[in-house]
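The block underneath contains the structure these notes are about, expressed in structure tokens.
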Amino acid sequence: MNTATIKRVLTSDHNFSALPLRLIVGIIFAAHGSQKLFGWFGGYGLTGTGQWMESIGLAPGYLMALMAGSAEFFGGILLILGLLTRPTALALAVTMIVAIFSTHINNGLFMSNNGYEFALSLLAITLALVFQGSGRLAIDNVIVNKLTD
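Residue 48 is where the sequence shown starts when you use my numbering, and the numbers rise one by one after that.
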């Protein structure tokens, strides 16, 4: 990948509108990923999450739990830092599409019925970050500035 492509992917508007999106959704994703990977915050860890994923048809369950948990945990951390924001947000958007259609779609919209309301909100935020980029106060800006020097 050449420097121009890297700059295009990492450059974003220099405003603060992405900052609350990145921080809040980053915390949410990191927490959910830690439930899947480590069993923190009342989660079931890789084994339990893998068994559940296998039961809904996402096989092999352990690998699916590892992939989803890693995308969420590490992706959340990257969003908080503002590092590789666009590709990270795209990976998380795909993760939310899978969650919506594999788990929640048949339950309707509302969270009270285990619907797709929350996953759809996270999808909207991640897509906004894909289009907007990291904004101010992000490591992406430091990288772009180094490439420009």
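Backbone N, C-alpha and C fix where the C-beta goes; we use that ideal spot for every residue, glycine too.
Just so it is clear, the structure is predicted and the values come from calculations on it, not from any experiment.
Check, Outcome
"Cβ-based neighbour list, ALA140, same chain, cut-off 6 Å, excluding 5 preceding and 5 following", "LEU170, THR173 and LEU174"
"Alpha-carbon spacing of THR142 relative to ILE103, whole angstroms", "15 Å"
"Reduced DSSP secondary structure (H/G/I, E/B, other) of ARG183", "coil"
"Cβ shell of GLY155 (< 6 Å), same chain only, five flanking positions each side left out", "GLY162"
"Three-state secondary structure (DSSP) of ALA136", "helix"
"Residue burial classification, LEU194 (beta-carbon count within 10 angstroms, cutoff 16)", "exposed"
"Span separating the alpha-carbon of LEU184 from that of GLY129", "7 Å"
"Per-residue DSSP class, three states only, for GLY86", "coil"
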